[in-house]
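38 is the number that the working numbering gives to position 35 of the sequence shown; each next residue is one higher, with no gaps.
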Amino acid sequence: VARVYAVTVVPVAAGMLLLPTISAATGLEAPADWWTLPISAATLTQHFTRGTRSGSLRERWWTCVSCAFCHVDAMHRDSNLWSLLLTGTAGCTPLGWYLTFIGGTVAATIRPSVGIEYQLTNRLNQQ
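Right, here's the structure in full:
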């Protein structure tokens, strides 16, 4: 189980931790306490988030997966990271886990309005 966890969860968690949040890259929040890649907010937005305009998925197909590693702020990143660490492999083989992770990410990029509505509701409830 530890080997499967190390092969599946650790690389994804490392990817989440290596990218700065969009808020940190724009200076709206403090940078992480650890080293992150020196990527600008413009690059994060262009290459690590899914666009909302028509045809953007065809033009930037890689954002179906790269958006899983980019987060708006530290709270968003940390909640996703905790979910990832707590659910672990959930009894899957490494291939099955990656297919589940990538499949969920692709599904979220196809129908993003559900996630956006949930995040907006949470932010409004916090204020």
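Glycine included, each C-beta is placed from N, C-alpha and C at the ideal position.
- By the beta-carbon neighbour count (other beta carbons within 10 angstroms, threshold 16), residue 47 is buried.
- Residue 85 sits in a helix when the DSSP states are folded into three classes.
- In this structure, 25 is the residue among 5, 75, 14, 25 with its C-alpha nearest to the C-alpha of residue 41.
- The beta carbon of residue 43 sits closer than 8 Å to those of 28, all from its chain and outside the five residues before and after it, given in chain order.
- The beta carbon of residue 16 sits closer than 7 Å to the beta carbons of 84, 87, 88 from its chain, once the five residues preceding and following it are set aside; these are given in chain order.
- The shortest CA-to-CA distance from residue 65 to any of 49, 78, 74 is the one to 49.
- Counting along the chain, the unbroken alpha helix (DSSP H) around residue 20 starts and ends at 5-21.
- Note that the C-beta distance between residue 22 and residue 51 is below 9 Å.
- Residue range 44-51 is occupied by the alpha helix (DSSP H) that includes residue 51.
- An exposed status is given to residue 13, since fewer than 16 other beta-carbon atoms sit within 10 Å of its beta-carbon.
- Per DSSP, residue 70 lies in no alpha helix (DSSP H) segment and is marked neither H nor E.
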